[in-house]
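Just so we're aligned, residue 97 is where the sequence shown starts under my numbering, counting upward by one.
Only one structure is covered here, and it is reproduced in the block below.
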Amino acid sequence: MEQVDFAICGGRIVNPATGLDGMGSIGIRNGKIAVIDMDSSVTFDLQHVVRADGYIVIPGMIDCHVHAYQHATPLGINIDDHCLARGVTTAVDAGSAGSSTFPGLRKFIAERSHTRLLAFLHIASHGLASAGCSAGAAGGECDHLNQVDVSKCVRCVTQNTDMIVGVKVRVSESCTDNGRIEEEVYRRALAASTESGVPLMVHHSISTVPVAKEEGKLCCPFDMNPGDIYTHAFMPHLSHILERDKKAVHPDVWEARRKGIYFDIGHGAGSFSWTVAEICTQEGFWPDTISTDLHCESVDGPAYDLVTVMTKMYALGMPFNEIIASVTSRPAAAIQRLECLGSLQVGREADITMLKIEECDIDLEDCYGQVRKVKKRIVPVGVWRNGKRFDVSPHPNCPNVDSIINGINAWDGTDVRDARKPSLS
Ligand SMILES: [Zn+2]
Numbered sequence: 097m098e099q100v101d102f103a104i105c106g107g108r109i110v111n112p113a114t115g116l117d118g119m120g121s122i123g124i125r126n127g128k129i130a131v132i133d134m135d136s137s138v139t140f141d142l143q144h145v146v147r148a149d150g151y152i153v154i155p156g157m158i159d160c161h162v163h164a165y166q167h168a169t170p171l172g173i174n175i176d177d178h179c180l181a182r183g184v185t186t187a188v189d190a191g192s193a194g195s196s197t198f199p200g201l202r203k204f205i206a207e208r209s210h211t212r213l214l215a216f217l218h219i220a221s222h223g224l225a226s227a228g229c230s231a232g233a234a235g236g237e238c239d240h241l242n243q244v245d246v247s248k249c250v251r252c253v254t255q256n257t258d259m260i261v262g263v264k265v266r267v268s269e270s271c272t273d274n275g276r277i278e279e280e281v282y283r284r285a286l287a288a289s290t291e292s293g294v295p296l297m298v299h300h301s302i303s304t305v306p307v308a309k310e311e312g313k314l315c316c317p318f319d320m321n322p323g324d325i326y327t328h329a330f331m332p333h334l335s336h337i338l339e340r341d342k343k344a345v346h347p348d349v350w351e352a353r354r355k356g357i358y359f360d361i362g363h364g365a366g367s368f369s370w371t372v373a374e375i376c377t378q379e380g381f382w383p384d385t386i387s388t389d390l391h392c393e394s395v396d397g398p399a400y401d402l403v404t405v406m407t408k409m410y411a412l413g414m415p416f417n418e419i420i421a422s423v424t425s426r427p428a429a430a431i432q433r434l435e436c437l438g439s440l441q442v443g444r445e446a447d448i449t450m451l452k453i454e455e456c457d458i459d460l461e462d463c464y465g466q467v468r469k470v471k472k473r474i475v476p477v478g479v480w481r482n483g484k485r486f487d488v489s490p491h492p493n494c495p496n497v498d499s500i501i502n503g504i505n506a507w508d509g510t511d512v513r514d515a516r517k518p519s520l521s
């Protein structure tokens, strides 16, 4: 009999990193995975068994775009309430802190949370301490180049490699002095990422930096480096990834993907459009990573939590195992942590999520009040972080009428959208 503290038995284990998919059991000892048994050759002490019949057991989920700096930035949310309690064991903050505000993110959030917190460091020294939610909000973190210091950023990354996994920049008119210094901000962020040897995550929306290649100009995403992450991939504003006729993904974007750039969802409150997602996915342009961009304006809808964003991709026809890869092994690879995160392997910390697929009949809204019918949803039913079980909270109420109204109010500002403006009736 195998000596373990407890075992999760009878579930379907899906571990994309090793190609494992089958019925089996996992034994945990001292917070670490001690056994993965796929042929019922191991017997466990029955007192310490968690039954997983009908459930799917996967590596602890990674949400690679959230805003965790609660109380210090206007966007911050509580990651234990909205990440861990919804099945996410690792949250990656997407640039809430810059070099001068990073120590607080570590001391007041990472060290006090049960959720593992990693971070992309903003190229702006003060991060998102005062910035608005998204493109369109007044003022921005990179309005003055004094705040965009490559050497400070590189120093902070290299001194905090246990927690910082990349650099973040918002390439958008509204946060770069109305676009006047936008290309230079982007150039500095690329330099900081290259110098510190970590990937760059780029938010690119309503931008003077073109999607299509242009002689003598930096473009986005093609001029990002292999391994960099293009977030908000299904964003419908100007600078979206579609061709001018809005019917297909731009060829320079396909070329960027072939070059090794990752495409991430980063749903948020303004960056996911059903229309764009449908155009992209019908062409086979699936996201590499699924993330929420969870912040105080997206957490009560339209993003809600990671499983709701995964449910949207499931409704679009993304294969289930691909969805699991995009919240486990792929984000782990994108943040260069595949050697320790995103896979169920003996000897690793026992970060484990248990899911089920539930029948439902709901309309799920995007960021513009556009809804689609969803008949199956992905639901968390168990979560362990470092071998310790945490409670899973109930479903958020979705769809949320207030979130739909906010979306409809923003609909006129989109460049890609459904033929008809949504209404509540
Ligand atoms: Zn964000």
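Glycine included, every Cβ here is placed at the ideal spot set by N, Cα and C.
Please read these numbers as outputs of a predicted model, since none were measured by experiment.
Would you say the beta carbon of residue 191 is closer than 8 Å to some non-hydrogen atom of ligand 1? Locating residue 191 in the sequence shown gives position 95, where the first residue counts as 1. Yes, the Cβ of residue 191 comes within 8 Å of a heavy atom of ligand 1.
Suppose you measure from the CA of residue 497 to the CA of residue 476; what does that come to, to the nearest Å? Position 401 of the sequence shown, counted from the first residue, corresponds to residue 497. Position 380 of the sequence shown, counted from the first residue, corresponds to residue 476. Residue 497 and residue 476: Cα-Cα distance of roughly 24 Å.
Would you identify the three-state DSSP class for residue 139, choosing helix, strand or coil? By 1-based counting over the sequence shown, the position of residue 139 is 43. In this structure, residue 139 counts as coil in the three-state DSSP scheme.
Status (buried if at least 16 other CB within 10 Å, exposed otherwise) for residue 390: Position 294 of the sequence shown holds residue 390. Residue 390 should be labelled buried.
Within 10 Å of its beta-carbon, does residue 149 have 16 or more other beta-carbons around it, so buried, or fewer, so exposed? Within the sequence shown, residue 149 is the residue found at index 53, counting from 1. When all chains shown are included, residue 149 counts as exposed.
Please check the pair residue 223 and residue 194, which I expect to be a contact at CB under 8 Å, by giving their CB distance rounded to whole angstroms. Position 127 of the sequence shown holds residue 223. Position 98 of the sequence shown holds residue 194. Confirmed, Cβ separation roughly 4 Å.
Ignoring anything shorter than 4 residues or poking outside the segment 405–461, list the alpha helix (DSSP H) runs there in chain order. 416–421, 425–430
In its own chain, which residues sit with a C-beta less than 8 Å from the C-beta of residue 333, not counting the 5 before and 5 after it? Position 237 of the sequence shown, counting from 1, holds the residue named residue 333. For residue 333, same chain residues with a beta-carbon under 8 Å away, outside a window of 5 residues either side, are 231, 301, 302, 366, 509, 510, 511 in chain order.
So, using beta-carbon positions, are residue 436 and residue 460 closer together than 9 Å? To locate residue 436, count along the sequence shown from 1; it is residue 340. To locate residue 460, count along the sequence shown from 1; it is residue 364. Cβ atoms of residue 436 and residue 460: not closer than 9 Å.
Expressed to the nearest angstrom, what Euclidean distance is found between the alpha-carbon atoms of residue 109 and residue 440? Indexing the sequence shown from 1 puts residue 109 at position 13. Indexing the sequence shown from 1 puts residue 440 at position 344. In this model, residue 109 and residue 440 are separated by some 9 Å (Cα to Cα).
Helix, strand or coil: which one does DSSP assign to residue 122? Here residue 122 is taken as the residue at index 26 of the sequence shown, counted from 1. Strand, per DSSP.
From residue 100 to residue 483, what distance separates their C-alpha atoms? The residue you call residue 100 lines up with position 4 of the sequence shown. The residue you call residue 483 lines up with position 387 of the sequence shown. Between residue 100 and residue 483, the C-alpha separation is close to 11 Å.
Taking just the CA atoms, how far does residue 362 sit from residue 376? Position 280 of the sequence shown, counted from the first residue, corresponds to residue 376. Position 266 of the sequence shown, counted from the first residue, corresponds to residue 362. Their backbone Cα atoms lie some 15 Å apart in a straight line.
Rounded C-alpha distance that separates residue 430 from residue 326: For the purposes of this step, residue 430 is taken as the residue at position 334 of the sequence shown. For the purposes of this step, residue 326 is taken as the residue at position 230 of the sequence shown. Computed Cα separation, rounded: 11 Å.
From the DSSP output, in three-state form, read off residue 152 for me. Here the question's residue 152 lines up with position 56 in the sequence shown. DSSP places residue 152 in strand when its eight states are reduced to three.
Helix, strand or coil: which one does DSSP assign to residue 230? The sequence position of residue 230 within the sequence shown is 134, counting from 1. Bear in mind that a pLDDT of 48 at residue 230, under 50, signals an unreliable position, so the number given afterwards is only what the model happens to contain. Coil, per DSSP.
Please classify residue 217 as buried or exposed, where buried requires at least 16 other C-beta atoms within 10 Å of its C-beta. For the purposes of this step, residue 217 is identified with residue 121 of the sequence shown, where counting begins at 1. Its Cβ being crowded by 16 or more others within 10 Å, residue 217 is buried.
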